[in-house]
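The numbering of the sequence shown is this note's numbering, which starts it at 78 and goes up by one.
Positions of the beta carbon are idealized from the N, C-alpha and C atoms, including for glycine.
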Amino acid sequence: TTVLTDILGQEDHLGDMDFKITGTRDGVTACQMDMKIEGLSRDVLLKALKQARKARHHILDGMQDTISDPREQLSEYAPRLTKLQIDPERIGAVIGPGGKVVKSIQKETSTEITVDEEDGVGLVTIAATNQKDAEAAIERVKQIVAVPEEGEDYVGTVKGIRDFGAFVEIMPERTGLLHVSEIDHDYVENVEDYLQVGDKVKVHLLEVKDDGKLRLTRKPFVSKENGEQS
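Structure representation (structure tokens):
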């Protein structure tokens, strides 16, 4: 019985079996066989396995000569899969109404994102074709799930104006109240004299209340002399 290694199409067509084997220097990791006869003898199977081992080591030797050690870092152009653990209560914020937020992230970063909950933990899986897109998507998700911290400074966007103050978004889906008394050191009669919807404003987070509401101030960044923000 003749056992051929690395057969051609015609040899596959005329032969009795097609035996594919893959593995490492330590052994076989997977195999698949097609047969046109009822069975194989033990001797033929052993012969095929020995030839496959010799061929496998030959290929591994060539790979070793080309790349002796694994890369310390994945190529920036290589596809990658990243998993992030998040607070399950923030899953809705990542997905958004009707999937609006996650769809926006996918479109802007050219990634595929799935959001699930397993054993009480939120899991965000990001599939990207390169490092740049993966990092962009990861940063967007981290911004959404970030927790505001008392005593920290933020640059937010004015989302709404009321007689009693302004609502400022300091993180995606995280909006706090900048009370009229915290807009300037002097008395503020009309909020719109100081702020407009869409304005970028630097604020300090004074308090995160028990119900999650945020209390902001602009005073640390406003000059007492001229009322201008630094």
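Whole angstroms is fine: what's the gap from residue i's alpha carbon to residue j's?
{"i": "Ser201", "j": "Glu88", "result": "According to the sequence provided, residue 201 is Val. The question's Ser does not apply to it. One C-alpha to the other measures close to 48 Å."}
{"i": "Glu313", "j": "Val222", "result": "No answer is possible for residue 313: it lies beyond the span of the chain, which begins at 78 and ends at 307."}
{"i": "Glu229", "j": "Arg239", "result": "24 Å"}
{"i": "Glu227", "j": "Leu291", "result": "9 Å"}
{"i": "Thr309", "j": "Lys209", "result": "What the structure shows of the chain is the stretch from 78 to 307, and residue 309 is not part of that stretch, so it cannot be assessed."}
{"i": "Val178", "j": "Ile215", "result": "14 Å"}
{"i": "Val121", "j": "Cys108", "result": "16 Å"}
{"i": "Val280", "j": "Ile163", "result": "26 Å"}
{"i": "Asp103", "j": "Gly175", "result": "50 Å"}
{"i": "Leu123", "j": "Asp83", "result": "17 Å"}
{"i": "Glu246", "j": "Gly139", "result": "57 Å"}
{"i": "Asp287", "j": "Lys184", "result": "36 Å"}
{"i": "Asp95", "j": "Val192", "result": "42 Å"}
{"i": "Leu282", "j": "Asp142", "result": "58 Å"}
{"i": "Val80", "j": "Pro165", "result": "57 Å"}
{"i": "Leu137", "j": "Glu149", "result": "19 Å"}
{"i": "Leu151", "j": "Ile203", "result": "16 Å"}
{"i": "Val218", "j": "Ala243", "result": "26 Å"}
{"i": "Leu117", "j": "Pro147", "result": "38 Å"}
{"i": "Thr234", "j": "Pro249", "result": "10 Å"}
{"i": "Ser187", "j": "Glu266", "result": "47 Å"}
What did DSSP end up calling residue i once you bin it into helix, strand or coil?
{"i": "Thr186", "result": "helix"}
{"i": "Arg133", "result": "helix"}
{"i": "Lys279", "result": "strand"}
{"i": "Gly253", "result": "strand"}
{"i": "Thr143", "result": "helix"}
{"i": "Val121", "result": "helix"}
{"i": "Val274", "result": "coil"}
{"i": "Val80", "result": "coil"}
{"i": "Val299", "result": "strand"}
In the DSSP output, what is residue i paired with across the bridge?
{"i": "Ala107", "result": "Thr99"}
{"i": "Gln162", "result": "Leu200"}
{"i": "Asp230", "result": "His281"}
{"i": "Val178", "result": "None, per the DSSP bridge assignment."}
{"i": "Val235", "result": "Val245"}
{"i": "Arg157", "result": "Ala205"}
For the beta strand (DSSP E) that contains residue i, what are its first and last residues?
{"i": "Asp89", "result": "That residue, Asp89, is in no beta strand (DSSP E); its alpha helix (DSSP H) goes 86 to 91."}
{"i": "Ile247", "result": "242 to 248"}
{"i": "Thr294", "result": "291 to 294"}
Go to residue i, then tell me how far its alpha helix (DSSP H) extends in each direction, as first and last residue.
{"i": "Ile172", "result": "168 to 172"}
Practice task
Pick out the complete beta strand (DSSP E) segments inside the segment 190 to 225, 3 residues or longer, and give them in chain order.
Solution key: 198 to 205
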